[in-house]
Amino acid sequence: PVPMYSHGDRTSKCVGIAEVPLLLRSAGLTIDLKEEDAITVEIMESVAAAGGDKSAVSFDLLNDWFEEHRGQYQQTARDALNAASALVREGIIGKDGMVNIDQLRHVLCETGDKMSPEMFDRVIRGPDGLQGNVCSVDSLINFLGS
Numbered sequence: 002p003v004p005m006y007s008h009g010d011r012t013s014k015c016v017g018i019a020e021v022p023l024l025l026r027s028a029g030l031t032i033d034l035k036e037e038d039a040i041t042v043e044i045m046e047s048v049a050a051a052g053g054d055k056s057a058v059s060f061d062l063l064n065d066w067f068e069e070h071r072g073q074y075q076q077t078a079r080d081a082l083n084a085a086s087a088l089v090r091e092g093i094i095g096k097d098g099m100v101n102i103d104q105l106r107h108v109l110c111e112t113g114d115k116m117s118p119e120m121f122d123r124v125i126r127g128p129d130g131l132q133g134n135v136c137s138v139d140s141l142i143n144f145l146g147s
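Numbering-wise, our numbering comes out as the position in the sequence shown, counting from 1, plus 1.
Written out as structure tokens, the structure is:
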């Protein structure tokens, strides 16, 4: 299930529509920026069809969407290995197994399916994020898996 209780309002059991992509990524889905907008619109339409407020999504509705679509957006082990290999090739993961967080930020915010710098800072550098400018690959993987 989607780990919503850390992001949503426990009283109303809803989460803001702007938080949906972050939550789906934290649940393990691989969503690029083009898909993010389409998914958000699809979920907003489901909320409207259920008679809800388009600015918030119930935990139940989001979990239902997640269960129905998870296979479509999950990353394969081969994709993850290819991504890690690219990070080693680019020098973001050093030979000592340490990850340079500033370089990782640059790559994720400036190349391919770009992540906004604000999103990187919120996810990676946020209150529960990675501290410092360098961390081990194991620490990064454990953080991303949590």
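Glycine residues also receive a C-beta, built at the ideal position from the N, C-alpha and C atoms. Model, not experiment: these values are computed from the prediction.
Taking the alpha-carbon positions, what's the SER59 to LEU23 distance? Here residue 59 refers to the residue found at position 58 of the sequence shown. Here residue 23 refers to the residue found at position 22 of the sequence shown. The straight-line gap from Cα to Cα measures roughly 15 Å.
Given that a residue counts as buried once 16 or more other Cβ atoms are within 10 Å of its Cβ, and exposed if not, what is GLY34? Locating residue 34 in the sequence shown gives position 33, where the first residue counts as 1. Residue identity check: residue 34 is Leu in the sequence provided, not Gly. Classification of LEU34: exposed, given that the 10 Å Cβ count is below 16.
Could you spell out the range, first to last residue, of the beta strand (DSSP E) harbouring SER117? What you label residue 117 is simply residue 116 of the sequence shown in a count that begins at 1. Careful: SER117 lies outside any beta strand (DSSP E) and carries neither H nor E.
From ARG126, SER27, GLU69, pick the residue whose C-alpha is nearest to that of GLU43; which is it? The residue you call residue 43 lines up with position 42 of the sequence shown. When C-alpha distances from GLU43 are compared across ARG126, SER27, GLU69, the shortest belongs to GLU69.
So what does DSSP say about ASN64, is it helix, strand or coil? By one-based count along the sequence shown, residue 64 stands at place 63. Helix at ASN64.
Contact check, VAL124 vs ARG26, beta carbons under 9 Å: Residue numbering aside, residue 124 sits at position 123 when the sequence shown is read from its first letter. Residue numbering aside, residue 26 sits at position 25 when the sequence shown is read from its first letter. Result yes, Cβ atoms of VAL124 and ARG26 sit closer than 9 Å.
Chain-order list of residues whose beta-carbon lies under 7 Å from that of LYS96 (same chain, five-residue window excluded): Numbered from its first residue, the sequence shown carries residue 96 at position 95. Excluding five sequence positions before and after LYS96, none of the CB atoms of its chain fall closer than 7 Å to its own CB.
The beta strand (DSSP E) spanning SER59 covers which residue range? Here the question's residue 59 lines up with position 58 in the sequence shown. Note, SER59: beta strand (DSSP E), 57 to 59.
Consult DSSP for GLY17 and reduce its assignment to one of helix, strand or coil. Against the sequence shown, residue 17 aligns to sequence position 16. Shown here, GLY17 sits in a strand according to DSSP, grouped into three states.
Under DSSP, the alpha helix (DSSP H) around THR41 begins and ends at which residues? Numbered from 1 along the sequence shown, position 40 holds the residue referred to as residue 41. Unbroken alpha helix (DSSP H) run through THR41: 34 to 50.
Roughly how many angstroms separate the alpha carbons of VAL48 and GLY17, rounded to a whole number? Counting from one through the sequence shown, the residue named residue 48 turns up at place 47. Counting from one through the sequence shown, the residue named residue 17 turns up at place 16. If I take the Cα positions, the gap works out to 12 Å.
Are ASP122 and ARG106 touching if we call contact CB-CB under 9 Å? Along the sequence shown, read from residue 1 onward, the residue named residue 122 stands at position 121. Along the sequence shown, read from residue 1 onward, the residue named residue 106 stands at position 105. Cβ distance < 9 Å, so ASP122 and ARG106 count as in contact.
With H, G and I counted as helix, E and B as strand and the rest as coil, what does DSSP make of ASN143? Working through the sequence shown from its first residue, we reach residue 143 at position 142. Three-state result, ASN143: helix.
Report the rounded CA-to-CA distance for VAL21 versus THR41, giving the unit in angstroms. Numbered from 1 along the sequence shown, position 20 holds the residue referred to as residue 21. Numbered from 1 along the sequence shown, position 40 holds the residue referred to as residue 41. Cα to Cα, VAL21 sits roughly 7 Å from THR41.
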